[in-house]
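Here the structure comes first, spelled out in structure tokens, and everything after it is commentary.
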Amino acid sequence: MLPAGGPSPAYTCGAVLLAAVLLQSVCVAVTYIYFTNELQQLRDTYSKSGIACLTGEELGDFMQNLDVESKDGVADPCWQVKWHLGKLIKKMMSRILQENMSAINGYLSHRGIGQKIHSWESSRRGHSFLYNVELWNGELVVPQTGFYYIYSQTYFRFRENENEDLGLLERIRNPKQLVQYIYKLTNYPEPILLMKSARTSCWSKKAEYGLYSIYQGGVFQLKREDRIFVSVSNSDIVDMDKEASFFGAFMIG
Numbered sequence: 001m002l003p004a005g006g007p008s009p010a011y012t013c014g015a016v017l018l019a020a021v022l023l024q025s026v027c028v029a030v031t032y033i034y035f036t037n038e039l040q041q042l043r044d045t046y047s048k049s050g051i052a053c054l055t056g057e058e059l060g061d062f063m064q065n066l067d068v069e070s071k072d073g074v075a076d077p078c079w080q081v082k083w084h085l086g087k088l089i090k091k092m093m094s095r096i097l098q099e100n101m102s103a104i105n106g107y108l109s110h111r112g113i114g115q116k117i118h119s120w121e122s123s124r125r126g127h128s129f130l131y132n133v134e135l136w137n138g139e140l141v142v143p144q145t146g147f148y149y150i151y152s153q154t155y156f157r158f159r160e161n162e163n164e165d166l167g168l169l170e171r172i173r174n175p176k177q178l179v180q181y182i183y184k185l186t187n188y189p190e191p192i193l194l195m196k197s198a199r200t201s202c203w204s205k206k207a208e209y210g211l212y213s214i215y216q217g218g219v220f221q222l223k224r225e226d227r228i229f230v231s232v233s234n235s236d237i238v239d240m241d242k243e244a245s246f247f248g249a250f251m252i253g
């Protein structure tokens, strides 16, 4: 009878190798599961923080202070999210506004109903005020739905200049209609005429200057985000003096 011997070296080596492979597989699986959970938690945290950034403060209030530098804000991830979002919104709004303005100017020119007044505040610096309303490129933006009293006055002033071309002076002095239009912009593709007023000029050929003013006002129901603007004929003789030409609206109910 042969004595019982221990396991062969080949068997022992195979068992050790198998155990090592199993242990390595377990380690890889545990590591994969761990990092997968960590990444999911990071994604959830980032997503929740991004939503919290947008819901924790009114975006409109933030956009008003978008260009104000803040050392604390630069280091705040929420501030950075809002900053990039605000810049994107402003860029899109600017592009839409330019497209709308091109369409409006083309429409007014095509219909022959005046030239839009693009600037009011520059001529009324220190004499104008905005309260709960925004003035953008000559347009008053309606803050909330309601009834508004809209008013405007434009001043037409003829001045004779010694160096002016005689032909141009003669054309200006010829009788002509001076017209003021007030329009409303909505989602409708074309401006909607709310009011217009006109008078005929008749400047004396001997006068060195002539003055005419047109004022009109009325009550209209407006919706939130509607925009109001003024256009005039003969914009080259409109005097934007702060006491003479003005434009405004206020809510009455």
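Counting with full-length UniProt numbering, you get residues 1 to 253 for the letters of the sequence shown. Quick reminder that beta carbons are idealized off the backbone N, C-alpha and C, glycines included.
Selection from the options that minimises the alpha carbon distance to residue i
i	options	result
Leu194	Tyr181, Tyr131, Thr200	Tyr181
Ile214	Ala244, Asp226, Asn187	Ala244
Tyr212	Tyr34, Val133, Gln177	Gln177
Ala138	Val219, Leu222, Val232	In the sequence as displayed, the identity of residue 138 is Gly instead of Ala. Checked all of Val219, Leu222, Val232; the closest Cα to Gly138 is Val232.
Ile237	Lys87, Phe158, Asn187, Ile252	Phe158
Lys223	Asp239, Tyr131, Pro143, Tyr149	Pro143
Gly218	Tyr155, Lys196, Val179, Glu38	Lys196
Phe220	Ala15, Glu134, Phe250, Val16	Phe250
Glu225	Gly14, Leu135, Thr36, Lys87	Leu135
Nonlocal neighbours in the same chain, by C-beta distance under 6 Å from residue i, ignoring five residues either side
i	result
Val230	Ile117, Ser152, Ile182, Phe247
Thr12	none
Leu185	Pro191, Arg227
Ile252	Phe147, Tyr149
Ser123	Per-residue confidence for Ser123 stands at a pLDDT of 47, beneath the threshold of 50, marking its modelled position as unreliable; the derived number appears in the next sentence. Met240, Lys242.
Residue interval of the beta strand (DSSP E) (run including residue i)
i	result
Tyr181	176-185
Gly114	Per DSSP, Gly114 belongs to no beta strand (DSSP E) and is neither H nor E.
Arg227	227-232
Ala198	192-201
Trp136	134-136
Gly253	Counting along the chain, Gly253 falls outside any beta strand (DSSP E), and DSSP gives it neither H nor E.
Cβ shell of residue i (< 8 Å), same chain only, five flanking positions each side left out
i	result
Ser235	Gly114, Gln115, Ile117
Leu2	Any reading at Leu2 must be qualified, since the residue scores a pLDDT of 48, below 50, and its modelled position is unreliable; no value is offered.
Val21	none
Sheet register partners of residue i (DSSP bridge)
i	result
Cys145	In the sequence as displayed, the identity of residue 145 is Thr instead of Cys. For Thr145, which the question treats as bridged, DSSP gives no partner whatsoever.
Glu38	DSSP output for Glu38 lists no bridge partner at all.
Leu211	Arg157
Ile237	DSSP output for Ile237 lists no bridge partner at all.
Leu88	Note: Leu88 sits in no beta bridge, so no partner.
Close Cβ partners of residue i (< 7 Å) along its chain, the five nearest in sequence each way excluded
i	result
Asn132	Pro143
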